[in-house]
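What follows is a set of notes on a single structure, which appears directly below.
2 protein chains.
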Amino acid sequence: MAYQLHYWPGIQGRGEFVRLALEAAGAPYVDVARGDVSAGQGLPALLNCLQDEAIARPPFACPVLVDGKQVIAQSAAILMYLGPRLKLVGASEADRLWTHQIQLTLADAVDEAHNTHHPLGSGLYYEDQKPEAARAAQEFRTQRMPKFLGWLEAVLARNPKGTRHLVGARQSYTDLSLFQLVEGLLYAFPKSTKRALKKTPLVLALHERVAQHRRVAAYLRSERRLPFNEDGIFRRYPELDA
Amino acid sequence: MAYQLHYWPGIQGRGEFVRLALEAAGAPYVDVARGDVSAGQGLPALLNCLQDEAIARPPFACPVLVDGKQVIAQSAAILMYLGPRLKLVGASEADRLWTHQIQLTLADAVDEAHNTHHPLGSGLYYEDQKPEAARAAQEFRTQRMPKFLGWLEAVLARNPKGTRHLVGARQSYTDLSLFQLVEGLLYAFPKSTKRALKKTPLVLALHERVAQHRRVAAYLRSERRLPFNEDGIFRRYPELDA
């Protein structure tokens, strides 16, 4: 049975980390909120998933993956669940834990990238926190982004199985998430990200390799891949880059 | 062999979620950075753990748990690893995933609580972002904190095994983390947290029960439990509460 992915339509957001795994594995899935209301899909189905009081283990937020009776929220937890099923993680407990640990750190980087345009909270508009965003973005560009990318570079450089993957000798879901993080940073902060990536050639090379992965490349060219925009996590506000 | 926990000395921080699990289970552990330098412990040992280029799978940040050859960072990943070993999680994959999902959501709440005093970034002092912190704290107190607590209340209310625990009929590590979140919120935002908890009686009751757990209560009275202070995640700045 196809997986059901519930995520806000119109943005890549945190749902994209799950979509990339499903797409790279060629797994059947339904992007529920982008489907037809007449088919029981669309936004009402997503809202029902978030608000249905009959769900004993309710999600706090999207993305939510439904696999039969399993309802799973939190993108890193979803990927941990999908990893073995999509053959996107190693077999040992140690490899699975390490892959998940990298994923949680990528998720932290994503949170901090989001924070640059909403430092005072996501309940307020960007327009109501522009000076604060400028200061937060400067801190992120000059301190945090290089730190995260430098750590990913070290993870690749130290991988005993070679520098082509973050974990072991095969692609894992966290390689795909690294691609998405770099892609998002290049969209939001093109100048500073290109500068930072010059110091992390292994990260840059992995980003390129994932982009050329046959099924990922086909997905990126398809209409299923939403473009970046200024409603998502990674937003291009030129005043926040330098 | 005793677990080695590496975390910044002087604050509870994210290390406390791991400490509470170890303490509640009565597991032997060394709080490395608080030990004697002459015994190979103390801050140098912690810094070495973070900077040692011989570690093939390097931590991005503390807390770090070392168990023999296993080096694990990210508090939620550490707890996932410890759960079965300390008998602080259910046996089924579904229970473990759900417990972890709750933990990740608690970690999000912790991040947002931290963000209230450092909205522009943790590289700047609170004193350099006080007006911004006031706006971020208002958003957190009025919108986010009630949303997180309300979700935890729903998780307890819908637990088919009863409302005494977040998952199943036994204590799990995420019950302990709920205690710590509530404890931290009561320290940082006493007025607004007490008000919010009136609407979440099951959360409040679980917080009380964990505090009375024999080993947890002994730990809380001991010198091993650091007091809250204004260097940690939860800080009492009266101007941020209302």
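Read top to bottom, the protein sequences are chains A and B. Read in the working numbering, the first sequence has 88 at position 88, and its numbers run on one by one without any break. For the working numbering, count along the second sequence from 1 and bump the result up by 242. For each residue, glycine too, the CB sits at the ideal point set by N, CA and C.
Determine the extent of the alpha helix (DSSP H) in which residue i is found, giving its start and end residues.
i: Leu366 of chain B; result: No alpha helix (DSSP H) holds Leu366 of chain B; DSSP gives it neither H nor E.
i: Lys147 of chain A; result: 145 to 158
i: Pro373 of chain B; result: 372 to 381
i: Val37 of chain A; result: That residue, Val37 of chain A, is in no alpha helix (DSSP H); it is neither H nor E in DSSP.
i: Arg466 of chain B; result: Where Arg466 of chain B is concerned, there is no enclosing alpha helix (DSSP H), given that its DSSP letter is neither H nor E.
i: Thr105 of chain A; result: 93 to 115
Would the C-beta of residue i count as close to the ligand GDP, meaning under 7 angstroms from any of its heavy atoms?
i: His360 of chain B; result: The model on display carries no ligand, and the ligand GDP is accordingly not part of it.
With which residues is residue i paired in a DSSP beta bridge?
i: Tyr173 of chain A; result: Note: Tyr173 of chain A sits in no beta bridge, so no partner.
i: His248 of chain B; result: B:Val306
i: Tyr29 of chain A; result: A:Tyr3
So which residues on chain A does residue i lean against when the C-beta distance must stay under 7 angstroms?
i: Thr353 of chain B; result: The sequence shown places Asp at residue 353 of chain B, rather than the Thr named in the question. Under the 7 angstroms cutoff, chain A gives Asp111.
i: Leu339 of chain B; result: Ile72, Ala77, Tyr81
i: Pro402 of chain B; result: Ala56
i: His449 of chain B; result: Correct list: empty, because the minimum Cβ distance to chain A is about 19 angstroms.
i: His342 of chain B; result: Ala77
i: Leu366 of chain B; result: Glu139
Got a sec, what are the start and stop residues for the beta strand (DSSP E) residue i sits in?
i: Ile314 of chain B; result: 312 to 315
Under 8 angstroms by Cβ, that's how I've got residue i and residue j pegged, so tell me the actual separation to the nearest angstrom.
i: Ala289 of chain A; j: Leu43 of chain A; result: The question about residue 289 of chain A has no answer, for chain A in this structure spans 1 to 242.
i: Pro305 of chain B; j: Leu292 of chain B; result: Actually they are not in contact, since the Cβ atoms of Pro305 of chain B and Leu292 of chain B sit about 11 angstroms apart, beyond 8 angstroms.
i: Tyr187 of chain A; j: Arg221 of chain A; result: The Cβ separation is near 17 angstroms, so there is no contact.
i: Ala336 of chain B; j: Gln70 of chain A; result: 7 angstroms
i: Leu197 of chain A; j: Leu206 of chain A; result: With a Cβ gap of about 11 angstroms, Leu197 of chain A and Leu206 of chain A do not count as contacting.
i: Gln143 of chain A; j: Val66 of chain A; result: So it is not a contact: roughly 39 angstroms between Cβ atoms.
i: Tyr368 of chain B; j: Ala375 of chain B; result: 6 angstroms
i: Leu444 of chain B; j: Glu395 of chain B; result: 5 angstroms
i: Arg135 of chain A; j: Leu362 of chain B; result: 5 angstroms
i: Leu348 of chain B; j: Thr416 of chain B; result: 7 angstroms
i: Ala315 of chain B; j: Ala303 of chain B; result: 7 angstroms
i: Gln422 of chain B; j: Ala77 of chain A; result: Actually they are not in contact, since the Cβ atoms of Gln422 of chain B and Ala77 of chain A sit about 20 angstroms apart, beyond 8 angstroms.
Find the residues of chain A that neighbour residue i, judging by a C-beta separation of less than 8 angstroms, and give them in chain order.
i: Ala397 of chain B; result: The identity of residue 397 of chain B in the sequence shown is Val, whereas the question assumes Ala. By Cβ distance, chain A contributes Arg57, Pro58.
i: Gly332 of chain B; result: Those within 8 angstroms of Gly332 of chain B in chain A number zero; the least Cβ separation is about 12 angstroms.
i: Glu258 of chain B; result: Neighbours of Glu258 of chain B on chain A: none; closest Cβ ~18 angstroms, over 8 angstroms.
Identify the contact partners of residue i in chain B, using a Cβ-Cβ distance below 7 angstroms as the criterion.
i: His6 of chain A; result: Neighbours of His6 of chain A on chain B: none; closest Cβ ~14 angstroms, over 7 angstroms.
i: Thr105 of chain A; result: Phe302, Gln316
i: Gln12 of chain A; result: Those do not exist, as Gln12 of chain A stays about 19 angstroms from chain B at its closest Cβ, beyond 7 angstroms.
i: Leu240 of chain A; result: Correct list: empty, because the minimum Cβ distance to chain B is about 13 angstroms.
i: Gln41 of chain A; result: Those do not exist, as Gln41 of chain A stays about 24 angstroms from chain B at its closest Cβ, beyond 7 angstroms.
Residues of chain B with CB closer than 8 angstroms to the CB of residue i, please, in chain order.
i: Phe140 of chain A; result: Gly363
i: Pro84 of chain A; result: In chain order: nothing, as chain B lies at least about 10 angstroms away.
i: Ala136 of chain A; result: Pro361, Leu362, Gly363
i: Leu46 of chain A; result: Per Cβ cutoff of 8 angstroms: no residues; Leu46 of chain A is ~17 angstroms from chain B at best.
i: Glu183 of chain A; result: Result: empty, since nearest Cβ-Cβ is about 20 angstroms, beyond 8 angstroms.
What residues of chain A sit near residue i, judged by a beta carbon separation below 9 angstroms?
i: Ala411 of chain B; result: Ordered by position in chain A, no residue passes the 9 angstroms Cβ test against Ala411 of chain B, which lies about 14 angstroms from the chain.
i: Ala336 of chain B; result: Arg57, Lys69, Gln70
i: Leu292 of chain B; result: Correct list: empty, because the minimum Cβ distance to chain A is about 11 angstroms.
i: Gln422 of chain B; result: Those within 9 angstroms of Gln422 of chain B in chain A number zero; the least Cβ separation is about 18 angstroms.
i: Gln454 of chain B; result: In chain order: nothing, as chain A lies at least about 27 angstroms away.
What runs of the alpha helix (DSSP H), each 4 residues or longer, lie entirely inside the region 184 to 209 of chain A? 190 to 197
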